[in-house]
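Structure first, then comments.
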Ligand SMILES: [Zn+2]
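Numbering (this note's numbering), first residue to last: 2 to 469.
Here's what the structure looks like:
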């Protein structure tokens, strides 16, 4: 039995008794009323439950009118219910079903659809299409009367995130005078877009602190249908363009919003509201946050990551930032020392290689394969060799990756870029450069020697001994 504020003599379905007294007047209401009444447009003195509109539309149409009663509008906590099939059809994958009542929330207003089971058949998606709520199932359902069960973990998560959004949006109005212009509930984050290009750290802190203070105060949340005439006096956070009665969600003495989603009954159930990310998107500030179980899960993940780093350094959690900073400084110092040593090594090695190389037509040719050397070292070596005198340098590294570096003295004719493509093909890589200096990287390290030999052959085929 559900009581309605207006008492009268009408009585509806067996499932529940609704006593009402309503007026039918010419005029305009919402889209739904116009559709239900067919060619007639009706105005009601007060907003009424969907069941009443359904009965009225059926009377006007002279037969049953197919309209689903949205149980989630009245009770977000309803997890199990019975329903009757109004319509069903085969779909490309599975089956589409319309019920006379449903507690499954369809994707709308930034909130994703519910999941669950209808008489043993899993729901894949719930969508709203022209006043019909369509349940896409993995297969056909048996019989007319169905047992419906909501995936409560998913639904309650949506209720926590969605109510948290109302609170955080109002907190930004109060802490930063910024309005929410967009809302999206993703699988990981919930985001709101604020009409601000940027926000200070202080504004973010203040909004988060205020939002959580409202959570801790465990304020009641009221949902009511408000007649159109009374909407202007509500002081909605964001104006609504809807006609007719409005579903209004009020966080007591804090926020009033028009919303068709599912919410918790008290702010304490939100658990906590944690801002995790701030980005700039289309001249707006996008705030990524998590509430309830999601914030707990995020905190657990963060702790695991931090603990893993702390274990690596054998320090306590609180000492990690200082230890990482120290490590960065040490690495910088070592890199610098390594560069100095590499330059020295390159100079010594260049002298040796240059001295050993055969001189032909006033030019030396140096070909050298290394097991594993960084390209940076090959460059240093090539520079050191060129500074020794006229030469052509062919260097390669066959480590985890293949690397080639060819160089020649400026005064020599020819273009090293001409011999590079065939060598790149051998090492299955790509490269480029200038006439006198080219380099390439590839994934086939086993062919680096062949690539060096090929480069040498091409050079030797030119009688002058220089390149191409
Ligand atoms: Zn809402």
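Just so you know, even glycine gets a beta-carbon here, dropped at the ideal spot from N, CA and C.
**DSSP beta-bridge partners of residue 362** = None; residue 362 has no bridge partner.
**Given residue 220 as reference, the closest of 92, 350, 272, 336 once Cα atoms are compared** = Residue 220 has its Cα closest to that of 272, out of 92, 350, 272, 336.
**Asked** So who's on the other strand from residue 122, going by DSSP bridges?
**Response** Under DSSP, the beta-bridge partners assigned to residue 122 are 119.
**Item:** Inter-stretch contact (C-beta, 8 Å, three-pair minimum) for the region 105 to 115 and the region 286 to 303
**Value:** Because the criterion of three Cβ pairs below 8 Å is not met, the region 105 to 115 and the region 286 to 303 do not touch.
**Request:** For my contact list, residue 99 and residue 88 are in at a C-beta cut-off of 8 Å; report their separation, rounded to the angstrom.
**Result:** Indeed they touch by this definition, with Cβ atoms about 4 Å apart.
**Asked** Grouping DSSP H, G and I as helix and E and B as strand, with all else coil, what is residue 71?
**Response** Three-state result, residue 71: strand.
**Prompt:** What's the C-alpha gap between residue 156 and residue 117?
**Reply:** Cα to Cα, the separation comes out at about 10 Å.
**Prompt:** From residue 178 to residue 195, what does the alpha carbon distance come to, in whole angstroms?
**Reply:** Between residue 178 and residue 195, the C-alpha separation is close to 10 Å.
**Contacting residues, own chain, Cβ-Cβ under 7 Å from residue 454 (five flanking each side not counted)** = Residues of the same chain with their beta carbon placed closer than 7 Å to that of residue 454 are lacking, with the five preceding and five following residues left out of the count.
**Message:** Within a Cβ cutoff of 6 Å, which residues of the same chain sit near residue 284, ignoring the five residues on either side of it in sequence?
**Reply:** Counting only Cβ-Cβ distances below 6 Å, and skipping sequence neighbours, we find 198.
**Asked** Is the Cβ of residue 192 closer than 8 Å to any Cβ of chain B?
**Response** As a matter of chain content, chain B is missing from the structure shown, which is built from one protein chain.
**Asked** How is the beta strand (DSSP E) around residue 88 delimited, first residue to last?
**Response** Element bounds for residue 88: 81 to 91.
**Request:** Compute the minimum distance between the beta carbon of residue 292 and the heavy atoms of ligand 1, and state whether it is under 7 Å.
**Result:** With a threshold of 7 Å, the Cβ atom of residue 292 does not count as near ligand 1, since no heavy atom of the ligand is closer than that.
**Request:** Could you pull out every residue in the same chain whose Cβ sits closer than 7 Å to the Cβ of residue 363, ignoring the five residues on either side in sequence?
**Result:** The answer, listed in chain order, is 391.
**Asked** Say the cut is 7 Å; is the CB of residue 258 nearer than that to a heavy atom of ligand 1?
**Response** Under cutoff, so the answer is yes.
**Asked** In whole angstroms, what is the alpha-carbon distance linking residue 248 and residue 191?
**Response** Taking the straight line from one Cα to the other gives about 22 Å.
**Buried or exposed (CB count within 10 angstroms, at least 16 for buried), residue 113** = Buried, because 16 or more other Cβ atoms sit within 10 Å of the Cβ of residue 113.
**Asked** residue 253 to residue 333, Cα distance in whole Å?
**Response** Approximately 56 Å, taken between the alpha carbons.
**Asked** Between residue 85 and residue 264, what straight-line distance do the alpha-carbon atoms span, to the nearest angstrom?
**Response** Going by the C-alpha atoms only, they are around 26 Å apart.
**Message:** Considering only the alpha carbon of each residue, which of 72, 131, 83 lies closest to residue 104?
**Reply:** Considering only 72, 131, 83, the residue with the shortest C-alpha distance to residue 104 is 72.
**Request:** Can you tell me which of the three DSSP states residue 378 falls into?
**Result:** In the three-state reduction of the DSSP assignment, residue 378 falls in the helix class, which pools H, G and I.
**Request:** Check whether the Cβ atoms of residue 421 and residue 406 lie closer than 8 Å to each other.
**Result:** Cβ distance not < 8 Å, so residue 421 and residue 406 don't count as in contact.
**Asked** Quick one, which of 456, 275, 314, 442 has its alpha-carbon nearest residue 211's?
**Response** Nearest C-alpha to residue 211: 275.
**Request:** Can you tell me which of 233, 308, 168, 287 puts its alpha carbon nearest to the alpha carbon of residue 183?
**Result:** Ranking the options by Cα distance to residue 183, first place goes to 287.
**Message:** Are there any heavy atoms of ligand 1 lying less than 7 Å away from the beta-carbon of residue 183, as far as the coordinates show?
**Reply:** At a threshold of 7 Å, residue 183 does not count as near ligand 1, since its beta carbon sits no closer than that to any of the ligand's heavy atoms.
**Beta-carbon spacing of residue 408, residue 383 below 8 Å** = For residue 408 and residue 383, yes; Cβs fall inside 8 Å.
**alpha helix (DSSP H) runs contained entirely in the region 190 to 243, provided each spans 4 or more residues** = List check, alpha helix (DSSP H) in window: 202 to 217.
**Asked** Skipping 5 residues on each side, what residues in its chain have a beta carbon closer than 7 Å to that of residue 411?
**Response** Exclusion of the five residues before and after residue 411 leaves 437 as the residues of its chain whose Cβ lies within less than 7 Å of its Cβ.
**Prompt:** Can you find a heavy atom of ligand 2 that lies under 7 Å from the Cβ of residue 430?
**Reply:** With respect to ligand 2, the structure shown offers nothing to examine, as its ligands consist of ligand 1.
**Prompt:** What is the rounded straight-line gap between the Cα of residue 348 and the Cα of residue 385?
**Reply:** Our two residues, residue 348 and residue 385, have alpha carbons roughly 5 Å apart in a direct line.
**Spatial distance of residue 204 from residue 193 (CA atoms)** = The straight-line gap from Cα to Cα measures roughly 15 Å.
**Message:** With a threshold of 7 Å (Cβ to nearest heavy atom), would residue 191 be considered close to ligand 1?
**Reply:** Not so, every heavy atom of ligand 1 lies at least 7 Å from the Cβ.
**Request:** Taking all protein chains shown into account, decide if residue 366 is buried (16 or more other Cβ within 10 angstroms of its Cβ) or exposed.
**Result:** Residue 366 is buried by the Cβ-count criterion.
**Message:** Could you check whether the Cβ of residue 262 sits closer than 7 Å to any heavy atom belonging to ligand 1?
**Reply:** Correct: residue 262 has its Cβ closer than 7 Å to ligand 1.
**Asked** Cβ of residue 167 within 7 Å of any heavy atom in ligand 1?
**Response** Relative to ligand 1, the beta carbon of residue 167 is positioned inside 7 Å of a heavy atom.
**Asked** Does the region 444 to 453 come close enough to the region 414 to 434 that 3 or more CB-CB pairs lie under 8 Å?
**Response** Yes, they touch.
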